[in-house]
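Single-structure report; data block below.
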Amino acid sequence: MPWNETTRKQYSRETERYESDLTNAEWALLAPLLPPPSRRGRPRRVDLREVVNAIAYLLWTGCSWRALPKDFPAFTTVQNYFYPWSRSAVLDRIGTHLTALERCRSGRAEAPSSAIIDSQSVPTVEAGGAECGYDAGKKIKGRKRHIAVDVDGNPLAAQVHPANIQDRDGALPLLLELQARQGTVRTVFADGAYGGNKLASALKQSHCPITVEVVKKAKDDKGFTVIPRRWVVERSFGWLRRCRRLSKDFERSIASALAWLRLALIRVLMRRITRDQVTVTT
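Mapping the sequence shown onto my numbering, position 221 (from 1) lands on 221, and the numbers just tick up by one.
See below:
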């Protein structure tokens, strides 16, 4: 997409307090999807939009909880929202809803029939948890992120597991999640790491109707080439790298690591859906 005056306005966030703050359009999209206040205990007094802005700031900058700027709610308050959301189906529901909305907005059917999968190994830091392993191929000790996207790069499913688990083994829970959330997917495109009979047999034993189709690089291609289908998921990983929280895996638990991955995917979806709506926050 060319960078001109039209696109400059679509992507401009100069009116925000921080680059990570939600615009009015993004907040209007997200607010109805968040859990309502609990009927028990004290009434909610914190501004939920500020809580979400604080989480978005942590995701974008990669700073620690205690380094959260003082104009946000206390970091302990933000944690009291983040951890329950990360361990429930809240982020799953939001992601599924936004993906369907973006597909309809772009003129596609709400439910996809095909997907593309790939993985990304990232190192863990010293404060990370014990659920990590060594990826001998990438020479990385840490965790592996597995995602499935549709043909436009919209997220469909995501998993996090130790990096020593091979792609064909880590793909099984990802594809089972994909089948549970998007029952219409029948074909999944992937690279050669997912080939062979092991994954196909595991899918058959799990009664999963998904077929994995390996897209290989042409033999006469030398150097870097854009490989059909597979470039879409690589671009999605590129979008995720804009969030510095994902530059490494800082989390003690896989549940938290998966939550930050899902939040980054939600961030991409919100910005894609609202990029034509130029609004100013108040």
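Where is the CB? At the ideal position from N, CA and C, for every residue including glycine.
Keep in mind the model is a prediction, meaning the values are calculated, not measured.
Counting only the Cα atoms, residue 134 lies some 37 Å from residue 22. The Cβ atoms of residue 142 and residue 163 lie closer than 9 Å to each other.
Excluding residues up to 5 positions away in sequence, 168 lie with their Cβ nearer than 8 Å to the Cβ of residue 196 in the same chain.
Counting only the Cα atoms, residue 229 lies some 16 Å from residue 146. By DSSP's assignment, residue 19 forms no beta bridge with any residue. In the structure shown, the three-state DSSP call for residue 189 is strand. By the neighbour-count definition (other C-beta atoms within 10 Å, threshold 16), residue 64 is an exposed residue.
Spanning the alpha carbons of residue 33 and residue 82 requires a straight line of approximately 15 Å.
For residue 49, the closest of 35, 41 and 62 by C-alpha to C-alpha distance is 35. When beta bridges are read from the DSSP output, residue 146 appears opposite 119 and 159.
Per DSSP, residue 46 lies in no alpha helix (DSSP H) segment and is marked neither H nor E.
Put simply, of 175, 86, 144 and 267 the residue whose alpha carbon is nearest the alpha carbon of residue 116 is 175. Between residue 179 and residue 210 the beta-carbon gap is near 6 Å, inside 8 Å, which marks them as a contact.
Put simply, of 236, 232, 172 and 92 the residue whose alpha carbon is nearest the alpha carbon of residue 205 is 172. If you draw a straight line from the Cα of residue 198 to the Cα of residue 86, it comes to about 32 Å. Here residue 273 has 29, 98, 101, 102 and 105 as same chain residues with Cβ atoms under 8 Å from its own Cβ, once five neighbours each way along the sequence are excluded. Boundaries of the beta strand (DSSP E) around residue 211: 211-214. In the DSSP secondary-structure assignment, residue 227 is not bridged to any residue. Note that the region 109-126 touches the region 249-260; at least 3 beta-carbon pairs, one per stretch, sit closer than 8 Å. For the options 47, 69 and 275, the alpha carbon positioned closest to that of residue 17 is the one of 69. Collapsing the DSSP output to three states places residue 141 in a strand.
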